[in-house]
Amino acid sequence: MMAAEKEDSYSCEKNTRLPVCIFFKDARFFFKLDKLGVEIASIALPAALALTADPIASLVDTAFIGQIGSVELAAVGVSIALFNQVSRIAIFPLVSVTTSFVAEEDTIGRVSSEPQETENLETSSTINIEHEKLIAENNSSYNESNSKPDSGSFDIEAVETGRRHIPSASSAMVIGGILGLIQAIFLISAARPLLNFMGVSSDSPMLKPAQLYLTLRSLGAPAVLLSLAMQGVFRGFKDTKTPLYATVAGDLTNIILDPIFMFVLRLGVGGAAIAHVISQYLISIILLWRLMDKVNLLPPSIKHLQFGRFLKNGFLLLMRVVAVTFCVTLAASLAARQGSTSMAAFQVCLQVWLATSLLADGLAVAGQAILASAFAKKDYEKATTTASRVLQLGLVLGLVLAIFLGVGMPFGAKLFTSDVNVLHLIGIGIPFVAATQPINALAFVFDGVNFGASDFAYSAYSMVMVAILSILCLFVLSSTNGFIGIWVALTIYMSLRTFAGFWRIGTGTGPWEFLHSRT
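Here you go:
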């Protein structure tokens with residue numbers, strides 16, 4: 106059995122030696138629960154549940170708000186789209202680089218804590234890290250590691266038993282907190298012009314409820330960004346269970362408080378926003394409490410905060426997330442300009458689209474964490490196997506989701522609204538939401554794979570090119586085909602994202618050059 110498996114694993118590479126063969130490596134065994142399979146599952150499943158918990162809570166919010174009226178549903182849809190996209194611009198680069206940096210630092214820290222003579226430890230040139238000394242001190246409870254890289258580095262110190270000093274964790278907390286305050290001030294002070302930009306005019310009935318919801322929900326921005334930064338730290342430790350427990354606790358609180366604030370206290374859309382803010386602060390408190398047990402969050406000096414390293418790689422991902430954000434925000438804006446009925450239907454379809462697609466993000470998180478460790482140790486065999494496994498699982502997951510949504514969403518749409526016109530448009534959007542699931546799943550997994558390889562530059566530049574083409578499609582197709590045109594353009598957008606990920610690995614360029622030499 107093992108001989109057959111090995112032959113299947115390498116036959117494609119032996120015959121062609123093409124990097125594209127990585128996508129078919131061990132294809133017959135992608136469901137196998139070997140050591141790697143168990144590791145992926147232990148990270149991916151809790152991560153997927155945590156990632157989908159918040160969109161599911163937003164779906165519950167949408168269902169409750171839909172009972173008030175279609176205008177309120179559309180108004181909150183615009184506000185949620187605006188809040189989420191601004192949050193992604195602020196936090197996505199931070200979370201992504203934090204996961205990779207913490208995984209790298211934790212891997213090297215574990216090596217330095219093993220009983221051994223003073224030695225030099227070299228890591229992958231991809232992440233430009235060189236450990237030159239590991240100094241064991243007498244009767245000391247920690248090892249000190251000095252780093253002298255070519256560009257950007259980090260120092261690892263085990264401060265005390267059971268608690269480590271991870272520079273990236275401290276950096277993420279500080280940056281996340283600052284960005285959260287900036288986002289809250291920005292959204293509250295600029296709520297009205299931002300909504301106008303989104304297509305909600307000053308005389309629109311959507312403006313008042315949209316502005317109320319956005320202003321109140323923005324009070325929770327510091328908690329949102331801080332909690333997401335901490336989730337990035339936990340992912341770097343390959344611990345996705347803790348964020349899951351915290352997120353579920355917060356979202357259950359949100360679901361319980363929603364009907365109380367909205368209907369019992371008669372606060373309407375404002376009540377939904379208040380419930381969401383309370384849940385986000387609860388999540389942050391739980392995560393902070395658990396993180397303090399694992400990591401010493403008080404760095405001995407400002408140099409350990411590693412701001413330069415974060416800013417360098419974070420700026421690249423900022424370019425990327427701005428491109429991603431603009432595409433989705435533009436789609437929501439174009440839907441809003443077609444009226445409250447179109448925006449209400451788009452909001453329902455978009456929330457379902459994102460909630461189900463984010464299941465694949467669990468695989469992306471697993472791939473990123475495992476690959477970051479593998480590249481740090483130059484374990485290219487594990488890097489290759491991990492990449493192929495998560496991509497194959499992503500494709501299967503997408504196909505399953507496509508069938509599930511294609512069959513179930515026509516019946517579930519009535520949970521969000523009883524408006525006949527809105528339901529009609531939702532029915533038009535359902536085929537696009539269902540059919541794009543395999544494409545979406547692969548796009549998300551490709552992101553995680555490239556982030557795990559610290560391929561931030563390619564991810565940024567390729568996404569900018571994808572966004573330019575997609576924005577052109579959105580303007581042209583929405584003006585000629587209305588609601589359908591928006592979804593056709595979004596399908597093209599996700600397809601281009603998937604192709605960009607496929608091209609990088611399939612051609613064996615960048616950090617994947619080693620695939621050319623594999624036999």
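Basically our numbering = 1-based index in the sequence shown + 105.
Even glycine gets a Cβ: it sits at the ideal position worked out from N, Cα and C.
Where His529 falls, given that 16 or more other Cβ within 10 Å makes a residue buried
Around the beta-carbon of His529, fewer than 16 other beta-carbon atoms lie within 10 Å, marking it exposed.
Under 8 Å, do Val181 and Ala437 count as touching if we go by C-beta distance?
No, they are not a contact pair.
Under the three-state reduction of DSSP, which class applies to Val305: helix, strand or coil?
Val305: coil per DSSP, three-state reduction.
If you follow the alpha helix (DSSP H) that Lys399 is in, where does it begin and where does it stop?
Looking at the DSSP string, the run of the alpha helix (DSSP H) that includes Lys399 is 373 to 399.
If the criterion is Cβ atoms closer than 8 Å, does the pair Ile591 and Leu439 meet it?
The beta carbons of Ile591 and Leu439 sit closer together than 8 Å.
So what's Pro327 in DSSP terms, helix, strand or just coil?
In the structure shown, Pro327 adopts helical secondary structure according to DSSP, grouped into three states.
Note down, in chain order, each residue of its chain lying with its Cβ closer than 6 Å to the Cβ of Thr320, except the 5 sequence neighbours on either side.
Taking Thr320 as the centre and dropping the five residues before and after it, the same chain places the C-beta of Ile293, Ala296 closer than 6 Å to its C-beta, in chain order.
Answer yes if the stretch 339 to 349 comes into contact with the stretch 311 to 327, meaning at least three C-beta pairs across the two stretches below 8 Å, and no otherwise.
Two segments are said to touch when three or more pairs of C-beta atoms, one from each, lie closer than 8 Å; by this definition the stretch 311 to 327 does not touch the stretch 339 to 349.
Can you tell me which of the three DSSP states Pro364 falls into?
Three-state DSSP puts Pro364 in a helix.
Compare the C-alpha of Val202 against each of Ala481, Ala158, Phe549, Gln473 and name the closest.
Closest by alpha carbon: Gln473.
Simplified DSSP state of Pro543, which is helix, strand or coil
Reduced to three states, the DSSP call for Pro543 is helix.
Grab the span of the alpha helix (DSSP H) containing Tyr455 for me, first residue to last.
Per the sequence shown, residue 455 should be read as Leu rather than Tyr. Judged by DSSP secondary structure, Leu455 falls within the alpha helix (DSSP H) whose first and last residues are 445 to 462.
Count the other CB atoms within 10 Å of the CB of Asn555; is the residue buried (16 or more) or exposed (fewer)?
So Asn555 counts as buried.
Take Ala465 as the anchor and find which of Ser478, Thr490, Val505 has the nearest alpha-carbon.
Of the listed residues, the one whose Cα sits closest to Ala465 is Val505.
Out of curiosity, what's the CA-to-CA distance linking Ile383 and Gly325?
Taking the straight line joining both Cα atoms gives about 8 Å.
Between the C-alpha atoms of Ala546 and Ile531, what's the straight-line distance to the nearest angstrom?
Their Cα atoms are separated by approximately 22 Å.
Output the residue ranges of the beta strand (DSSP E) runs that lie fully inside the stretch 460 to 515 and measure 3 residues or longer, sorted by chain position.
Counting only runs of 3+ residues, no beta strand (DSSP E) is found wholly inside the stretch 460 to 515.
Decide if Val426 is buried, meaning its Cβ has at least 16 other Cβ atoms within 10 Å, or exposed.
Buried, by the Cβ-count rule.
Residue closest to Leu357, alpha-carbon to alpha-carbon, out of His381, Leu370, Phe366, Ala471
In terms of CA proximity to Leu357, His381 leads the group His381, Leu370, Phe366, Ala471.
Output the distance between the C-alpha atoms of Gly606 and Ala450, rounded to the nearest integer angstrom.
Their backbone Cα atoms lie some 31 Å apart in a straight line.
With distances taken between CB atoms, is the gap from Gly499 to Ala153 smaller than 8 Å?
No.
Thinking Leu463 and Leu156 are a contact (beta carbons under 8 Å), I'd like their distance in whole angstroms, please.
Confirmed, Cβ separation roughly 5 Å.
Candidates Gly513, Ser205, Ala594: closest to Pro272 by CA position:
The shortest C-alpha to C-alpha distance from Pro272 to any of Gly513, Ser205, Ala594 is the one to Ser205.
Candidates Asn586, Ser306, Val538, Leu601: which alpha carbon is nearest Ala572's?
The residue among Asn586, Ser306, Val538, Leu601 with its C-alpha nearest the C-alpha of Ala572 is Leu601.
Gly281 and Ala334 closer than 8 Å at C-beta
Their beta carbons are under 8 Å apart, which means Gly281 touches Ala334 by this criterion.
With Thr167 and Gln456 assumed to form a contact (beta carbons below 8 Å), what rounded beta-carbon distance in angstroms separates them?
Taking a contact as a CB-CB distance under 8 Å, the pair Thr167 and Gln456 counts as one, their CB atoms being some 6 Å apart.
Cα-Cα separation between Leu421 and Ala562, rounded to whole angstroms
Going from the Cα of Leu421 to the Cα of Ala562 covers about 6 Å.
State yes or no: is the C-beta of Val527 within less than 8 Å of the C-beta of Gly341?
Their beta carbons are not under 8 Å apart, which means Val527 does not touch Gly341 by this criterion.
Cβ pair Ala354, Ile379 closer than 8 Å
With a cutoff of 8 Å on beta-carbon distance, Ala354 and Ile379 are scored as not near each other.
My output table needs one value for Phe342: the three-state DSSP class, helix, strand or coil.
Coil, per DSSP.
Return yes when the Cβ of Ala186 is within less than 8 Å of the Cβ of Thr434, no when it is not.
In contact: Thr434 and Ala186 (Cβ atoms closer than 8 Å).
Put Met568 into one of helix, strand or coil per three-state DSSP.
The answer is helix: DSSP assigns Met568 an H, G or I state.
DSSP three-state assignment for Gly613, whether helix, strand or coil:
Gly613: coil per DSSP, three-state reduction.
Taking a contact to mean a Cβ-Cβ separation below 8 Å, would you say Arg609 touches Asp552 in this structure?
In this structure, Arg609 lies away from Asp552, with their beta-carbon atoms at least 8 Å apart.
Using 8 Å for Cβ pairs, my map puts Pro543 next to Gly503. What's the rounded Cβ distance?
A Cβ-Cβ separation of about 3 Å places Pro543 in contact with Gly503 under the 8 Å criterion.
Report the rounded CA-to-CA distance for Phe604 versus Val429, giving the unit in angstroms.
Rounded to the nearest angstrom, the two C-alpha atoms are 15 Å apart.
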